[in-house]
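Trainee: This is the structure, below, for whatever I ask next.
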Amino acid sequence: MDEERLSRMLRELPRERALEGFTARVLERINAVPEQSRRGPRHLPRLMLAAAALAAIGLSAGLLQRDLAPAGGLQHTSAAPSSPVSTRELSPRDGAAAAPPGEAPRAGQGAAIGLAAAQASPTVLTSAAAAHQVRQELRELRSEQNQLERELRELRRPAASAQRSVIYLGGDEDVDLVLDTRRVGALPGLPGLIGAALKSGGSFH
Amino acid sequence: MLEQLQERTMTVPMLTEESSDAELMARVRAGERDAFADLVDRHKDAVVNYLARLSGSRDRAEDLGQEAFLRLFRSAAHGYVEQGYLRAYLFRIATNLLRSEERRERRLTLLRPLLGGGDGASEPAAHAGMLRRELQRELAAAIARLPLRYRVPLVLHEIESWSYSEIAQELQCREGTVKSRIHRGRQQLKRQLEPYWNGGLSWTKSG
Numbered sequence: 001m002d003e004e005r006l007s008r009m010l011r012e013l014p015r016e017r018a019l020e021g022f023t024a025r026v027l028e029r030i031n032a033v034p035e036q037s038r039r040g041p042r043h044l045p046r047l048m049l050a051a052a053a054l055a056a057i058g059l060s061a062g063l064l065q066r067d068l069a070p071a072g073g074l075q076h077t078s079a080a081p082s083s084p085v086s087t088r089e090l091s092p093r094d095g096a097a098a099a100p101p102g103e104a105p106r107a108g109q110g111a112a113i114g115l116a117a118a119q120a121s122p123t124v125l126t127s128a129a130a131a132h133q134v135r136q137e138l139r140e141l142r143s144e145q146n147q148l149e150r151e152l153r154e155l156r157r158p159a160a161s162a163q164r165s166v167i168y169l170g171g172d173e174d175v176d177l178v179l180d181t182r183r184v185g186a187l188p189g190l191p192g193l194i195g196a197a198l199k200s201g202g203s204f205h
Numbered sequence: 001m002l003e004q005l006q007e008r009t010m011t012v013p014m015l016t017e018e019s020s021d022a023e024l025m026a027r028v029r030a031g032e033r034d035a036f037a038d039l040v041d042r043h044k045d046a047v048v049n050y051l052a053r054l055s056g057s058r059d060r061a062e063d064l065g066q067e068a069f070l071r072l073f074r075s076a077a078h079g080y081v082e083q084g085y086l087r088a089y090l091f092r093i094a095t096n097l098l099r100s101e102e103r104r105e106r107r108l109t110l111l112r113p114l115l116g117g118g119d120g121a122s123e124p125a126a127h128a129g130m131l132r133r134e135l136q137r138e139l140a141a142a143i144a145r146l147p148l149r150y151r152v153p154l155v156l157h158e159i160e161s162w163s164y165s166e167i168a169q170e171l172q173c174r175e176g177t178v179k180s181r182i183h184r185g186r187q188q189l190k191r192q193l194e195p196y197w198n199g200g201l202s203w204t205k206s207g
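Quick note, the sequences are listed as chains A and B, same order.
Mapping of the first sequence onto the working numbering: position 145 corresponds to residue 145, and the numbering continues sequentially without gaps.
Mapping of the second sequence onto the working numbering: position 106 corresponds to residue 106, and the numbering continues sequentially without gaps.
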């Protein structure tokens with residue numbers, strides 16, 4: 001192909017024209033922008049709220065998985081029943097509730113869910129207002145995450161544990177596993193004394 | 001020939017147009033929506049054609065063109081003062097919009113396999129079918145496939161008839177760089193079109 005022929009082809013490409021109603025559509029979009037900004041966060045698109053909810057669930061699940069996984073086994077339910085983050089909230093079965101049916105919860109799943117949620121709404125994220133709202137949601141989620149971490153740290157502190165005589169570790173319908181912290185303090189050198197108690201009518205024996 | 005020359009001349013920023021654009025922009029800043037409608041009417045075809053050549057898609061050009069005018073309106077609200085090259089300013093906005101969109105698409109393309117989406121698989125086949133129809137469409141598609149650094153100067157020079165110096169000023173680079181990029185863009189176009197050219201397809205002007 002010679003240079004001249006290519007130049008001619010380029011020049012002879014038909015010129016595209018804007019469709020009828022182009023100007024009207026631009027003006028409509030201009031008029032729509034202030035209206036959207038007046039609506040405020042209460043009237044966010046449903047898709048965005050769903051994405052934020054998914055991200056919150058994902059982050060919470062991921063956080064709990066991350067914090068509980070290193071302890072392993074029975075010790076991963078070390079919160080007292082009366083604490084703000086109860087053992088029911090921290091049980092592995094509840095972790096599984098956040099996962100899809102038939103799937104065990106995995107570490108990092110929260111981040112994956114959050115990513116999927118963000119990718120599910122690319123058109124929403126394009127507008128500046130939506131981006132601002134997402135940043136705000138993210139700040140709130142981070143704040144919630146920090147609060148949860150603070151609570152978990154508080155629960156792990158020896159002083160906090162010492163105030164409680166018995167800490168519920170977990171169990172099922174037949175057996176509850178508990179830790180008597182006063183007895184742990186009385187036996188230096190031992191990692192802890194874990195007691196098992198058979199339940200009968202809601203009381204320990 | 002004369003018609004073609006007139007049409008090409010219209011795409012170059014003209015002195016008579018410049019002052020009017022400046023006046024209209026001043027009225028837009030004062031809150032006159034009608035003035036903005038006049039501006040859109042004046043430049044919409046040029047912007048849509050430019051974007052259609054850059055993106056290779058008529059629909060995409062329409063969407064991005066609208067977005068470009070929205071950005072222009074916001075610029076006016078934030079104090080942009082027209083200094084004689086509104087069309088060049090619009091083309092710059094349009095180029096940046098396309099660049100952002102192509103980046104976003106590249107990221108999505110990378111993430112799509114991880115997210116389990118498989119709808120991109122049918123695109124090449126559909127695209128290939130379209131390319132076979134006629135050389136003119138193939139040329140438009142080939143332009144859209146060029147890297148943006150070659151595509152922008154090539155479209156501005158070959159299709160919008162901007163001079164090398166105008167393009168250099170717009171892209172903030174030297175004229176030599178502009179010439180070099182256009183040359184490389186042309187070489188890539190020729191390589192892409194070679195199979196179609198040798199395959200005996202005739203070049204027919206569809207108007």
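A virtual CB, placed ideally from N, CA and C, is assigned to each residue, including glycine.
With 8 Å as the threshold, decide whether the Cβ of Glu16/A is near any Cβ in chain B.
Mentor: True, the Cβ-Cβ gap to chain B drops below 8 Å.
Trainee: Could you name the residues of the region 44-74 of chain B whose beta carbon sits closer than 8 Å to any beta carbon of chain A, in the order they occur along the chain?
Mentor: Within the region 44-74 of chain B, the residues whose Cβ lies closer than 8 Å to some Cβ of chain A are Lys44, Asp45, Val47, Val48, Asn49, Ala52, Arg53, Arg58, Ala61, Glu62, Gly65, Gln66, Phe69, Leu70, Phe73, listed in chain order.
Trainee: So, at 6 Å on beta carbons, what are the nonlocal neighbours of Gly65/B in its own chain, with the 5 sequence-adjacent residues on each side left out?
Mentor: Excluding sequence neighbours, Gly65/B sits near Val47, Val48, Leu51.
Trainee: By Cβ distance below 7 Å, which residues in the same chain neighbour Ser163/B in space, the five residues on each side in sequence not counted?
Mentor: Excluding positions up to five away in sequence, the list is empty.
Trainee: Compare the beta carbon distance of Arg92/B and Glu170/B with 8 Å and say whether it is the shorter of the two.
Mentor: Cβ distance < 8 Å, so Arg92/B and Glu170/B count as in contact.
Trainee: Of all the CB atoms in chain A, is at least one closer than 8 Å to the CB of Val28/B?
Mentor: False, the Cβ-Cβ gap to chain A never drops below 8 Å.
Trainee: Does the contact criterion of 3 or more C-beta pairs under 8 Å hold for the region 187-195 of chain B versus the region 132-147 of chain B?
Mentor: Yes, since at least three Cβ pairs between the region 187-195 of chain B and the region 132-147 of chain B fall closer than 8 Å, the two stretches touch.
Trainee: How big is the Cα-Cα spacing for Leu24/B and Ala61/B?
Mentor: If I take the Cα positions, the gap works out to 24 Å.
Trainee: Indicate the three-state DSSP secondary structure (helix, strand or coil) for Val26/A in the structure shown.
Mentor: Three-state DSSP puts Val26/A in a helix.
Trainee: Measuring straight from C-alpha to C-alpha, what distance separates Glu194/B and Lys179/B?
Mentor: For Glu194/B and Lys179/B, the distance between alpha carbons rounds to 22 Å.
Trainee: To the nearest angstrom, how far is it from the Cα of Ala55/A to the Cα of Arg139/A?
Mentor: C-alpha separation (whole angstroms): 12 Å.
Trainee: What do you get for His132/A, buried or exposed, if any count of 16 or more other CB atoms within 10 angstroms of its CB means buried?
Mentor: Result: exposed.
Trainee: Taking the alpha helix (DSSP H) that Ile143/B falls in, what are its first and last residues?
Mentor: It spans 135-145 - the alpha helix (DSSP H) in which Ile143/B sits, taken as one unbroken run.
Trainee: Which of the residues in the region 162-177 of chain B, read from start to end, lie with their CB under 9 Å from any CB of chain A?
Mentor: For the region 162-177 of chain B, which is checked against every Cβ of chain A, not one residue is closer than 9 Å.
Trainee: List, in order along the chain, the chain A residues whose C-beta lies closer than 9 Å to that of Gln136/B?
Mentor: Neighbours of Gln136/B on chain A, chain order: Met9, Glu12, Leu13, Pro14.
Trainee: How many Å lie between Ala129/A and Ala32/A at the Cα?
Mentor: For Ala129/A and Ala32/A, the distance between alpha carbons rounds to 12 Å.
Trainee: Return helix, strand or coil for Asp34/B, following the three-state DSSP convention.
Mentor: Asp34/B: helix per DSSP, three-state reduction.
Trainee: Considering only residues of the region 151-200 of chain B, which uninterrupted alpha helix (DSSP H) runs meet the minimum length of 4 residues and lie entirely inside it, listed in chain order?
Mentor: For the region 151-200 of chain B, whole alpha helix (DSSP H) runs of length 4 or above, ordered along the chain, are 164-171, 175-198.
Trainee: Between Arg29/A and chain B, is any beta-carbon pair separated by less than 8 Å?
Mentor: It does; some Cβ of chain B falls within 8 Å.
Trainee: Comparing C-alpha positions only, which one of Ala37/B, Leu54/B, His43/B, Asp38/B sits nearest to Tyr150/B?
Mentor: Minimum Cα distance to Tyr150/B is reached at Leu54/B.
Trainee: Are the CB atoms of Tyr196/B and Leu135/B within a distance shorter than 8 Å?
Mentor: Their beta carbons are under 8 Å apart, which means Leu135/B touches Tyr196/B by this criterion.
Trainee: For Val40/B, would you say it is in contact with chain A, using Cβ-to-Cβ distances shorter than 8 Å as the test?
Mentor: Yes, Val40/B counts as interfacial toward chain A.
Trainee: Could you tell me which chain A residues have their CB closer than 7 Å to the CB of Ala140/B, listed as they occur along the chain?
Mentor: Within chain A, the residues near Ala140/B are Leu13.
Trainee: Along the chain, where does the alpha helix (DSSP H) containing Asp59/B start, and where does it finish?
Mentor: Segment 58-77, the alpha helix (DSSP H) holding Asp59/B.
Trainee: Answer yes or no: does any C-beta atom of chain A fall closer than 8 Å to that of Lys190/B?
Mentor: Yes, its Cβ sits closer than 8 Å to a Cβ of chain A.
Trainee: Beta-carbon within less than 6 Å of Gln192/B's beta-carbon, same chain only, minus the 5 sequence neighbours each way: which residues are those?
Mentor: So the list reads Ala142, once near-sequence residues are dropped.
Trainee: Can you name, in chain order, every residue of its own chain whose Cβ lies under 6 Å from the Cβ of Arg17/A, other than the five neighbours on each side?
Mentor: So the list is empty, once near-sequence residues are dropped.
Trainee: What is the DSSP secondary structure of Asp21/B, counted as helix, strand or coil?
Mentor: Reduced to three states, the DSSP call for Asp21/B is helix.
Trainee: For Leu90/B, collect the residues of the same chain with a Cβ closer than 7 Å to its Cβ; drop the 5 residues on either side in sequence, then sort them by chain order.
Mentor: Answer for Leu90/B: His43, Val47, Ala68, Leu72, listed in chain order.
Trainee: If the cut is a Cβ gap below 8 Å, which residues of chain A does Ile159/B touch?
Mentor: Simply Leu10, Arg11, Leu13.
Trainee: Going by beta-carbon coordinates alone, are Val40/B and Ala76/B separated by less than 8 Å?
Mentor: Cβ distance not < 8 Å, so Val40/B and Ala76/B don't count as in contact.
Trainee: Taking only three categories from DSSP, how would you classify Asp45/B?
Mentor: DSSP places Asp45/B in helix when its eight states are reduced to three.
Trainee: If I'm right that Leu70/B touches Arg29/A with Cβ under 8 Å, what's the distance once you round it to whole angstroms?
Mentor: With 8 Å as the limit, Leu70/B and Arg29/A qualify as a contact, their Cβ atoms being about 6 Å apart.
Trainee: I'd like to know if Arg153/A contacts chain B, where contact means its C-beta is closer than 8 Å to some C-beta of that chain.
Mentor: No, Arg153/A does not count as interfacial toward chain B.
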